[in-house]
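I have placed the structure first, in the form of structure tokens, so that the comments after it can refer back to it.
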Amino acid sequence: MIDLHIHTTASDGSFSPWEIMDKAEKLGLKAIAITDHESVDGIPEAMKAAEGKNIKVIPGVEIEAFVDIEGENTNTVIHILGYNVNWKNPEFNNALNEMITARTEVTRRMVALLANSGLDVGWDEVAAVAGNRRWIGINHILECMLKKGYFASRKQAMKGYLQYFVYGKIAYVPFPAVSAKEAINIIKEAGGIPVLAHPGLYHSDDLIPQLVKDGIKGIEVYYAGHIRKDISKFEELATKYGLITTGGSDYHGIFHEWELGLGEVKVPEYTVKKLLDLF
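Numbered per the numbering used here, the sequence shown finishes at 287, counting up by one with no gaps.
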């Protein structure tokens, strides 16, 4: 069993890389990929935590991007996973650092909009929830709001994204994402393999031919949020376009409903072997 889509406290996950490794060992996972948003800060700690454990750690990242079709922005935002990246590459880190700065600035503006609307939420409080790390995002705002009583439960807080932060809501601020082609090139130039994350969330198969033109090399077929019908469809598309197939839970700890290890969704054994040989 493997899980190639995991977030830690280096971005918007609630558990540290050390805690993730302990959980992965208890589950008997053969391999995990640390794929924090725009950040590789958690990878050194994960690799250190893996010492003495029979678990392969694949260095990864997840980058937000928009899709261009024939030069036209489709206004469709996607996520692209990068696997086996050279996380020490200076140019790669420079690109990610710019994204982290942009992400944190967007979050700061969201907090200001909430405060201007009369909610008792301050930047210092949100930053403290994030452990005063470089990457600060919506999950940290929601956790702060939960602690202040704006939500009755964490489950309700997880739905707060739709209540406050999507287009048309009081704290919506668009993230200045790079194009999919740019994201793919950033990953490739760091020696990584670009893979389309959770394709079932985009409700548009037309994106995949364009992403293949842009240089995508794989697709996250086995995703915790995919039903059997989704999996079959994306297996067929992967075969059609010669894409590798991967699988991951998109684990965020307490900030998300999915469990580490993909739960009932299983990555086929032959795919596991192929991926472990590849990575």
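C-beta atoms are modelled at their ideal positions from N, C-alpha and C, and glycine is treated no differently. None of the values given here were measured: they were computed from a predicted structure.
Query: Can you tell me whether DSSP reads H98 as helix, strand or coil?; Result: One detail in the question is off: residue 98 reads as Pro in this sequence, not His. DSSP places P98 in helix when its eight states are reduced to three.
Query: For the pair the stretch 189-201 and the stretch 88-103, tell me if three or more CB-CB distances fall below 8 Å.; Result: yes
Query: Is V181 near the ligand PLP - that is, is its Cβ less than 7 Å away from at least one heavy atom of it?; Result: With respect to the ligand PLP, the structure offers nothing, as it holds no ligand at all.
Query: Identify which residue in L209, W143, V114 and A73 has its Cα closest to the Cα of D238.; Result: L209
Query: Pick helix, strand or coil for L209, following the three-state DSSP scheme.; Result: helix
Query: Give a yes or no on whether the C-beta atoms belonging to K56 and A39 are separated by under 8 Å.; Result: no
Query: Excluding the 5 residues preceding and the 5 following M107 in the sequence, name in chain order all residues of the same chain whose CB lies nearer than 6 Å to its CB.; Result: E46
Query: Closest to A18 by C-alpha separation, out of A32, M9, A54 and I194, would be which residue?; Result: A54
Query: How would you write the range of the alpha helix (DSSP H) that E244 sits in, first residue to last?; Result: R236 to Y249
Query: Taking S257 as the reference, give the member of I66, R141, L268 and G250 with the closest Cα.; Result: L268
Query: By the three-class DSSP mapping on this structure, what secondary structure does F74 have?; Result: strand
Query: In three-state DSSP terms, what is T109?; Result: helix
Query: If we ignore side chains and look at the alpha-carbon of each, how far apart do R117 and F173 end up?; Result: 11 Å
Query: So if DSSP puts V65 in a beta bridge, which residue, or which two residues, is it bridged to?; Result: I40
Query: Can you tell which of I42, L284, I149 and Y175 has its C-alpha closest to the C-alpha of A135?; Result: I149
Query: Return the first residue and the last residue of the beta strand (DSSP E) that H13 is part of.; Result: I10 to I14
Query: Kindly give me the distance between the Cβ atoms of I227 and L215, rounded to whole angstroms, as I take these residues to be in contact under 8 Å.; Result: Contact flag wrong, Cβ pair sits at about 11 Å.
Query: Would you call L286 buried or exposed, if buried means 16 or more other Cβ atoms sit within 10 Å of its Cβ?; Result: exposed
Query: Between T115 and G176, what straight-line distance do the alpha-carbon atoms span, to the nearest angstrom?; Result: 16 Å
Query: Kindly indicate which residue of E190, M29 and L219 has the alpha-carbon position closest to the one of I77.; Result: L219
Query: Which value, in whole angstroms, describes the spacing of the CA atoms of E128 and Q164?; Result: One point to set straight first is that residue 128 is Asp, not Glu, in the sequence displayed. Their backbone Cα atoms lie some 18 Å apart in a straight line.
Query: From the DSSP secondary-structure annotation, give me the bridge partner or partners of G226.; Result: V203 and I252
Query: In the structure shown, what three-state DSSP assignment does Y158 receive?; Result: coil
Query: Leaving aside the five residues before and after M153 along the sequence, list all residues of the same chain whose C-beta is less than 7 Å from its C-beta, in chain order.; Result: V129, F159, A165 and G168
Query: Taking the alpha-carbon positions, what's the K196 to N92 distance?; Result: 10 Å
Query: Given this structure, state the Cα-to-Cα distance separating K31 from A120, to the nearest angstrom.; Result: 36 Å
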